[in-house]
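Shown next, in structure tokens, is the structure this report addresses.
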Amino acid sequence: MSAPVATTGSAAPRPDAPDPATLQKLERALREAVPHGEVAFGKRRRAEYAQDASVYRQVPAAVVLPADTDELAAALAACHGLDVAVTLRGAGTSIAGQAVGDGVVIDTSRSLNRIVEIDAEAHTARVEPGVVLDRLQDACKPHGLRFGPDPSTHARCTIGGMIGNNACGTHSVAWGRTADNIVELEVLTYDGERIRLRSLGADELQHVIDEGGRTGEIHARLRDLRDRHLAMLRTEFGRFRRQVSGYSLEHLLPERGFDLAAALVGTEGTCAVVVSATVKLVDLPARRTLVALGFADLPAAGDAARHVLRHEPIACEGLGGDQVAALRRNVPDARPEEMLPEGAGWLLCEFGHADATPDPEAEQARADALLKDTGAVDVRLVQSPAEQAALWRIREDSSGLATRAPDGSEAWPGWEDSAVPVEHLGDYLRDLAALLESHGLQGTPYGHFGEGCVHIRIDFDHATAEGVRIFRTFMKDAAELVARHGGTLSGEHGDGQARAEFLPLVYSEEAIDAFGEFKAIWDPENRLNPGILVHPRAADERLRITAGHRPTLQLTTTLALAEDDGDLTKALRRCVGIAKCRTASGGVMCPSYRATGDEKDSTRGRARVLYEMVQGDVITDGWQSEEAAEALDLCLSCKGCKSDCPVGVDMASYKAEFLHHHYKGKRRPASHYALGWLPLWSHLAGLAPSLVNAVTRNKKAATLLKKAGGIAPERPVPPFAGRRFRTSFKKRRNVPAPGSRGKVLLWPDTFTEFMSPEVGRAAVLVLEHAGFEVVLPPDRLCCGLTWHTTGQLDMAKKVLDRTLKAVDPYLQEGMPLIGLEPSCTSLFSTDATELFPDDPRAKRLADQTMTLAELLDQRAPDVDFGRLDDVTALTQTHCHQHATLGSKADDRVLARVGVDSGRLDSGCCGLAGNFGFEEGHYDVSVAVGEQALLPALREAADDTVVLADGYSCRTQITQLSDRRPRHLAELLRDALRSRREN
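Once you know that position 696 of the sequence shown is 700 in the working numbering, the rest is easy, because the numbers rise by one and skip nothing.
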């Protein structure tokens with residue numbers, strides 16, 4: 005490791021992790037201090053908190069989740085009594101390493117999340133530090149108010165975290181940074197002093213000092229610091245709004261009201277612990293419009309940003325072509341180019357209106373003026389709220405999408421959020437591109453261009469000594485570059501460990517000394533987040549990836565992990581910690597976290613535990629790890645993360661791989677045999693379905709069967725159909741002549757074949773009406789889904805190989821394979837090539853598999869199925885369809901028969917194949933259903949048609965409501981019948 009460029013502040017010693025004797029005392033003290041919250045010294049919980057959203061990794065000595073602010077204070081006192089370092093954490097989305105530490109990590113997000121009061125008249129709210137920003141916004145909305153700052157992580161970031169980093173977000177150009185929106189902070193110092201901080205006039209300040217004590221001492225020493233550095237503070241600090249690096253000492257100035265609350269914003273947990281915050285609220289615009297401007301390239305967009313400001317936008321965001329390409333690659337159905345104007349770089353300019361009545365003429369005039377003033381090559385005025393939301397999603401997902409460089413290589417934060425005065429932005433972007441090229445690096449810039457803030461992830465190579473050397477050299481050169489443009493290292497995420505050692509390149513020696521003194525006044529023992537900002541660790545210390553390190557765990561995988569070059573470690577590194585899996589609504593990911601609120605049940609938490617399992621430092625028993633098994637237990641294998649996670653983490657696949665190794669050569673849970681081998685049992689049940697149904701309806705017999713099979717006792721066993729689909733197909737009457745559109749291979753999945761043959765019969769009617777000749781493959785085939793989900797990958801391969809042999813002749817004739825069950829269709833489309841990566845049959849299967857809707861939309865767009873104009877639908881999208889197949893074709897087909905899909909945009913049904921049937925999962929399964937689906941069913945009108953193509957979804961709906969859900973094929977069949985009757 006190279007020596008740091010410089011140290012920040014005096015050379016105070018940095019504490020290491022507690023020794024074993026101290027740990028024993030610490031555990032006793034913390035358990036006494038936190039009787040109702042959680043104190044965790046175990047491997048799994050510590051693994052979950054070993055990383056944030058940065059490039060750094062540090063396994064903490066312990067994790068504490070206090071139940072209330074009294075327990076927070078008591079936990080801090082326990083750490084102080086034993087001289088143990090403390091790191092505060094909210095959502096853990098910090099990008100510069102300030103949310104990991106080797107002492108005690110205290111997570112405020114689980115329980116310290118009360119919105120204490122909203123004073124609409126005063127335009128303020130008082131909150132605890134763990135309140136998620138979107139929760140605060142939802143609570144303020146009925147009052148016509150909101151909190152101004154809104155980073156892209158608004159759905160999971162906490163107010164405490166925003167205070168720590170001085171978060172800004174999309175609308176800071178209008179509503180300011182977090183520091184501009186704090187009225188008062190209630191804080192604790194490391195030594196236990198509880199202080200209320202706000203702006204103070206000279207007389208008020210003197211009064212506080214005269215009262216003495218620790219509070220008076222802090223105020224007096226900070227006043228003295230200010231008075232000794234007045235000239236420096238007035239010339240070096242507060243030069244432009246996004247100057248977030250270091251400590252914001254300008255707030256000590258008398259003309260700024262000696263505002264210690266604002267001065268503590270952005271101190272990254274190094275000075276005090278926030279207990280509560282009183283924040284300012286702003287008025288919500290009655291209406292918004294969006295103007296998208298296209299430019300020849302991103303630097304040209306940067307040049308134009310300052311001209312946009314004259315039109316007083318409430319947001320001005322920059323976006324590049326690489327983000328658009330990444331969205332198109334990673335998200336099913338994404339067509340961003342259809343929403344954007346021509347160009348290779350864009351500005352998204354939002355305007356707020358006090359009047360709710362649209363004024364199309366004035367808004368078009370503004371768009372035309374912006375086109376002229378900025379020199380853009382194209383412009384698009386977007387007034388539809390839905391289209392605006394779609395465009396903003398591109399911008400919000402950029403932090404995740406940017407973690408893969410355009411060539412697919414890994415890209416990392418580090419030089420994440422530098423900022424320059426907006427008039428320098430275009431030139432800075434050009435120079436930054438040249439600097440990257442000179443170091444052989446690539447990145448994808450985007451950001452808050454209206455305020456000169458540039459986000460970028462760069463393909464640093466931390467795995468080799470030479471790569472780390474280049475990383476350090478680039479960071480130093482980039483700091484010097486941003487200084488030449490009058491800018492700062494951080495524009496909203498803080499310096500943390502990543503950039504703090506380079507602060508002397510942008511600040512004077514006097515300013516650096518003032519930082520050290522400021523920290524020492526608050527935390528003289530240097531126990532609050534040591535190694536961050538002041539006395540910083542080197543940027544290349546404690547990296548998540550250690551140069552030259554090779555995990556001891558044998559990492560040969562059964563799944564190809566093709567997108568990660570077959571490297572499980574690389575696949576797990578996809579999780580960069582931005583924590584979209586911790587959101588409370590929208591999309592599917594992560595249903596188990598939404599049900600439990602526990603980090604271990606988030607996609608990120610699971611990825612962290614698996615990563616530590618691979619590293620072998622904390623979790624040392626590899627594939628046999630019970631910690632990993634516990635973390636994965638409530639994973640529904642819904643695949644929601646594969647599409648909803650901006651970096652494409654595929655936890656369902658990682659779980660299958662883990663279960664494959666974990667149980668290899670061992671007895672498996674009973675449910676793996678009962679549910680994993682369901683296709684076999686279904687074939688047997690199909691020989692005498694009435695008898696099987698009689699047994700499963702018998703209470704005593706069913707109880708015994710469920711206990712033996714590891715099935716939740718609360719779950720009814722779904723009945724088997726009296727006649728298989730295949731039998732009905734062979735015996736159907738009035739078979740039409742071969743259709744003009746050719747043959748299709750209709751896949752009779754286990755659920756359609758044995759449990760819902762009416763779906764298959766409806767599909768045949770629809771397909772034949774559309775002019776297709778329906779062909780079925782040979783009997784006794786299966787996609788292998790249930791074996792795959794339960795991690796029986798060897799058997800899944802055998803089953804799928806048999807299927808490939810049987811269906812490939814049909815595929816070679818050019819027939820599409822049509823799936824009716826989304827989970828099976830998804831396996832053919834995506835997982836088959838993971839099981840057989842080099843088999844052309846699997847590739848052919850993936851390429852030629854289609855949903856029913858896709859076939860009708862693409863190959864029979866002119867077929868008249870009739871109209872159901874009086875039908876109102878509510879559609880539950882199967883999670884696998886959401887993740888890998890998309891549903892726009894379904895919506896277009898429904899529109900052809902006059903039905904609005906009413907598609908729910910949030911939530912898994914909760915059953916998720918075998919998950920909801922497994923013993924111990926019932927309560928979570930129901931809780932997941934209650935997130936969106938079940939409330940929507942209760943609120944829907946009685947005559948609403950409930951659509952659900954997934955058998956699991958239909959089963960959950962049937963068992964937990966009085967609705968009778970239908971498959972798309974059944975609705976189209978009904979439309980045909982209506983057409984014939986009319």
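C-beta atoms are modelled at their ideal positions from N, C-alpha and C, and glycine is treated no differently. It should be emphasised that the depicted structure is a prediction, and the values quoted were computed from it without experimental measurement.
Extract the residue ranges of the beta strand (DSSP E) inside the stretch 338-415, only unbroken runs of 3 or more that lie entirely within it.
Runs found: 349-357, 382-386.
Checking 7 Å against the spacing of the C-beta atoms, do Val38 and Val67 come in under that value?
Cβ distance not < 7 Å, so Val38 and Val67 don't count as in contact.
Relative to the C-alpha of Gly924, which candidate in Ile462, Glu634, Gly471, Gly347 has its C-alpha closest?
Checking every option, the nearest Cα to that of Gly924 belongs to Glu634.
Just mark Arg728 as buried or exposed, buried being the case when its beta carbon has 16 or more other beta carbons within 10 Å.
Arg728 is buried by the Cβ-count criterion.
Skipping 5 residues on each side, what residues in its chain have a beta carbon closer than 6 Å to that of Thr26?
The answer, listed in chain order, is Leu86.
I'd like to confirm the pairing. Which residues does DSSP put opposite Glu922 in its beta bridges?
Its beta-bridge partners are Ile715.
Going by DSSP, which residues form a beta bridge with Ala129?
In the DSSP output, where bridge partners are listed per residue, Ala129 has Ile122, Val283.
Secondary structure at Gly13, three-state DSSP: helix, strand or coil?
Any reading at Gly13 needs caution, since the residue's pLDDT is 45, under 50, leaving its predicted position unreliable; the model's value is listed next. The answer is coil: DSSP assigns Gly13 none of H, G, I, E or B.
Check each candidate in Thr407, Leu485, Pro289, Ser494 and name the one with the smallest Cα separation from Cys457.
Residue Ser494 is the option with its Cα nearest to Cys457.
Starting from Phe662, trace the alpha helix (DSSP H) in both directions and tell me its first and last residue.
655-666 is the extent of the alpha helix (DSSP H) around Phe662.
Give the straight-line distance between the Cα atoms of Ala95 and Ala583, rounded to the nearest whole angstrom.
Straight-line Cα distance between these residues: approximately 7 Å.
From Lys646, Leu821, Val875, pick the residue whose C-alpha is nearest to that of Ala887; which is it?
With distances taken between Cα atoms, Ala887 lies closest to Lys646.
State the start and end residues of the unbroken alpha helix (DSSP H) segment that holds Cys144.
From DSSP, the alpha helix (DSSP H) with Cys144 extends over 137-144.
Do Arg48 and Glu631 come within 7 Å of each other at the CB atom, strictly closer than that value?
Their beta carbons are under 7 Å apart, which means Glu631 touches Arg48 by this criterion.
To the nearest angstrom, how far is the alpha carbon of Asp154 from that of Ser252?
Cα to Cα, Asp154 sits roughly 20 Å from Ser252.
Going by alpha carbons, who is nearest to Arg473 out of Val486, Gln501, Gly444?
When only C-alpha atoms are compared, the closest one is Gly444.
Determine the contact status of Ala543 and Glu505, defining contact as a CB-CB distance below 7 Å.
Going by C-beta atoms, Ala543 is nearer than 7 Å to Glu505.
Cα separation between Ala437 and His452?
Cα to Cα, Ala437 sits roughly 17 Å from His452.
Which whole-angstrom value describes the C-beta separation of Val191 and Cys161, a residue pair presumed to lie in contact below a C-beta threshold of 8 Å?
Not a contact, Cβ separation roughly 19 Å.
Report the residue from Pro258, Ala319, Ile516 whose alpha carbon sits nearest the alpha carbon of Glu208.
Per the Cα distances, Pro258.
Give every residue of the same chain whose Cβ lies closer than 6 Å to the Cβ of Tyr432, excluding the five residues on either side of it in the sequence, and list them in chain order.
Cβ within range, chain order: Val424, His489.
What first and last residue would you give for the beta strand (DSSP E) that runs through Phe791?
The amino acid occupying residue 791 in the given sequence is Trp; Phe does not appear at that position. Premise fails: Trp791 lies in the alpha helix (DSSP H), 789-793, not in any beta strand (DSSP E).
Exposed or buried, which one is His553 when buried takes at least 16 other CB atoms within 10 Å?
So His553 ends up on the exposed side.
Provide the residue(s) that pair with Phe299 in DSSP beta bridges, ordered along the chain.
BP columns for Phe299 point to Gly349.
Where does Asn169 land, buried or exposed, given buried means 16+ other C-beta within 10 angstroms?
Counting Cβ neighbours within 10 Å, Asn169 comes out buried, since at least 16 surround it.
With DSSP collapsed to three states, give me the class of Ala7.
Residue placement at Ala7 cannot be trusted, given a pLDDT of 40 that sits under 50; what the coordinates show is reported in the next sentence. Coil at Ala7, not helix or strand.
Starting from Glu992, trace the alpha helix (DSSP H) both ways and give me its first and last residue.
The structure shown does not extend to residue 992, since the chain is modelled only from 5 through 986, so no value can be given for it.
Tell me the rounded alpha-carbon separation between Arg610 and Val779.
Near 43 Å, if we compare the C-alpha coordinates of Val779 and Arg610.
Could you name the residues of the same chain whose beta carbon sits closer than 8 Å to that of Ser606, not counting the 5 residues immediately before and after it, in chain order?
So the qualifying residues of the chain are Ala583, Cys585, Arg586, Cys594, Ser596, Tyr597.
Ordered along the chain, which non-local residues of its own chain (more than five positions away) have a Cβ less than 6 Å from that of Gly906?
Once the five neighbours on either side are set aside, the close Cβ partners of Gly906 are Ala877, Leu878, Thr879.
What residues in its chain sit with their C-beta under 6 Å from that of Pro24, if we drop five residues either side in the sequence?
Excluding positions up to five away in sequence, the list is empty.
Which ranges would you report for the beta strand (DSSP E) in the stretch 748-786 if only whole runs of at least 3 residues count?
List check, beta strand (DSSP E) in window: 777-779.
Our contact map puts Leu313 next to Pro449 with C-beta atoms below 8 Å; I'd like the distance itself, whole angstroms only.
Not confirmed; about 19 Å, so no contact.
Could you name the residues of the same chain whose beta carbon sits closer than 8 Å to that of Ala77, not counting the 5 residues immediately before and after it, in chain order?
Closer than 8 Å at Cβ, skipping near neighbours: Leu192, Gly196, Arg198, Val279.
Val108 and Gln62: beta carbons closer than 7 Å?
In this structure, Gln62 does not lie closer than 7 Å to Val108 by Cβ.
Please state if the CB of Val928 and the CB of Leu638 are separated by a distance shorter than 7 Å.
Yes. Within cutoff.
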